[in-house]
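Engineer: Sending over a structure as structure tokens; questions will come in a sec.
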Ligand code: C5P
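In our numbering, the protein residues as written are 39 to 451.
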């Protein structure tokens, strides 16, 4: 009998006040079946004792390069890891890692590994926004290091701002998804062989041949999802009401179907439903349309036109009704208040596997921005918060969640 082995995760912990939250991440990973080896910096042990990690993890916590029982511990740790996760990653750790310093067990392990690396920074807003930290992050990301960006919230000392460690649950699920797919967190081809359909943009509902009703959706999030899925190896069909262009290098993997109205989008999506393993409805479909679209341009001479609206079909509802076994359906929703409550209720009402809720009232999130902040609700009761970050990073986080959902479904069969 072959024994099923969970991923081997080196959990690096640095000396920041958020180190206490790494204890929760450690517990969540172990509960999920991972083999966790904590590696603490000297400063981390000022915040949380090594004993706490040793008691919860799969192996005793380590903090020294100079252990007589295990010579060269960093190469053993680095070579055997499926993932190195650092929680919290301080400005100091990011600088040392970016510069290639290896002056303690954690930095030496980071240099001695080919495993994917995920850093979860946490620090004061001024530090997070400092040019050196920005540049170190950019350097590390260019090398394929994954970053789970910090959230905006309460910080040590009573301050509030960007720099608060991401939610431990979110960190644990990102870590497990990356460890499972292997390779660079930015460039894994873990959707190879899968058929993904993405809808994007705000539909346009004709009033007459020259006028239409629409909404503020730019299509950026939907296009980022199509691009991210293609980069991860999927065959993608993008049904889009947005005029945005896709980068040239992903175009061979994406079939683009341009549509205008909710009715066009419905026809296109229903035709693709059978083919799709995953459908992501990121489009802002109009809820109402003019009951009658004039066949010739309405002119002032005809007097004020009477605008009679009718509801559009709920495309997602139709897709849920006609879904085939194993197909994953993801809906999007824009909310301005009571995100958790409304998100959960909508997830149930729509019957989808995952619902991604944009808080469009949050600064920098939602319509037409290059950044977004979302909460992902799962039909299994899970909730994940993605703090303000690029729409590309949100797209990857959504895809991580989709893959985790597929894995869960397979293992429960
Ligand atoms: O109910 P609400 O419009 O907030 O639901 C949003 C989700 O439903 C999105 O995924 C959107 O693409 C989808 N939708 C749809 N057909 C509509 C309206 C919304 O598929 N007519």
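Each residue gets a CB set at the ideal place from its N, CA and C atoms; glycine is no exception.
1. In whole angstroms, what is the alpha-carbon distance linking residue 225 and residue 332?
2. I need the DSSP call for residue 285, collapsed to helix, strand or coil.
3. Label residue 399 either buried or exposed according to how many other C-beta atoms from any shown protein chain fall within 10 Å of its C-beta, with 16 as the threshold for buried.
4. Out of 139, 121, 296 and 313, which has the shortest C-alpha to C-alpha gap to residue 272?
5. Rounded C-beta distance between residue 201 and residue 162? I'm assuming under 8 Å.
6. Exposed or buried, which one is residue 442 when buried takes at least 16 other CB atoms within 10 Å?
7. Between 428, 411, 65 and 429, which has its C-alpha nearest residue 206's C-alpha?
8. Taking just the CA atoms, how far does residue 167 sit from residue 184?
9. Nearest to residue 91 by alpha carbon, out of 413, 51, 305 and 114?
10. Let me know the secondary structure DSSP gives residue 225 once reduced to three states.
11. Can you find at least 3 beta carbon pairs, one from the region 318-332 and one from the region 374-383, that sit closer than 8 Å?
12. Regarding residue 480 and ligand 1, is the C-beta to nearest heavy atom distance less than 7 Å?
13. Between residue 158 and residue 356, what straight-line distance do the alpha-carbon atoms span, to the nearest angstrom?
14. Is it right to say residue 359 is buried, meaning 16 or more other beta carbons lie within 10 angstroms of its own, or is it exposed?
15. With ligand 1 as the reference, list in chain order each residue whose Cβ lies under 5 Å from any of its heavy atoms.
16. Is the region 209-219 close to the region 119-131, with three or more CB pairs under 8 Å?
17. Using 8 Å as the threshold, is the C-beta distance between residue 326 and residue 350 below it?
18. Along the chain, where does the beta strand (DSSP E) that runs through residue 422 open and close?
19. In terms of alpha-carbon separation, which member of 82, 86 and 45 lies closest to residue 68?
20. Report the partner residues of residue 296 according to the DSSP bridge assignment.
21. Going by beta carbon distance, what residues of the same chain come within less than 7 Å of residue 232, once the five residues before and after it are set aside?
22. Give the straight-line distance between the Cα atoms of residue 137 and residue 210, rounded to the nearest whole angstrom.
23. Give me the Cα-Cα distance between residue 234 and residue 257, rounded to the nearest whole angstrom.
24. Quick one: residues in its chain with C-beta nearer than 7 Å to the C-beta of residue 171, no 5 flanking neighbours on either side, listed in chain order?
25. Quick check on residue 94: does DSSP put it in helix, strand or coil?
26. Beta carbon of residue 353, beta carbon of residue 263: below 8 Å?
27. Give the secondary structure of residue 407 by DSSP, where H, G and I count as helix, E and B as strand, and everything else as coil.
28. Taking all protein chains shown into account, do 16 or more other C-beta atoms lie within 10 angstroms of the C-beta of residue 299, making it buried, or fewer, making it exposed?
29. How would you call residue 437, buried or exposed, if buried means at least 16 neighbouring beta carbons within 10 angstroms?
30. What does the alpha-carbon distance come out to for the pair residue 453 and residue 426?
31. In chain order, which continuous runs of the beta strand (DSSP E) of length 3 or greater are located wholly inside the region 228-266?
32. Excluding the 5 residues preceding and the 5 following residue 295 in the sequence, name in chain order all residues of the same chain whose CB lies nearer than 6 Å to its CB.
33. Give me the residue from 439, 141 and 160 with the minimum Cα distance to residue 194.
Structural biologist: Per the coordinate set shown:
1. With a pLDDT of 44 at residue 225, under the threshold of 50, the predicted position of this residue should be treated as unreliable, though the coordinate-derived value follows. So the two alpha carbons sit approximately 49 Å from each other.
2. coil
3. exposed
4. 313
5. 5 Å
6. buried
7. 65
8. 18 Å
9. 51
10. With a pLDDT of 44 at residue 225, under the threshold of 50, the predicted position of this residue should be treated as unreliable, though the coordinate-derived value follows. Coil at residue 225, not helix or strand.
11. no
12. Only positions 39 to 451 of the chain appear in this structure, which leaves residue 480 out of reach.
13. 39 Å
14. exposed
15. 319, 321, 323, 350, 352, 353, 354, 369, 370 and 371
16. yes
17. yes
18. 421-428
19. 45
20. 278
21. 272, 315 and 316
22. 27 Å
23. 17 Å
24. 129, 132 and 165
25. helix
26. no
27. coil
28. buried
29. buried
30. No answer is possible for residue 453: it lies beyond the span of the chain, which begins at 39 and ends at 451.
31. 233-238
32. 277 and 306
33. 160
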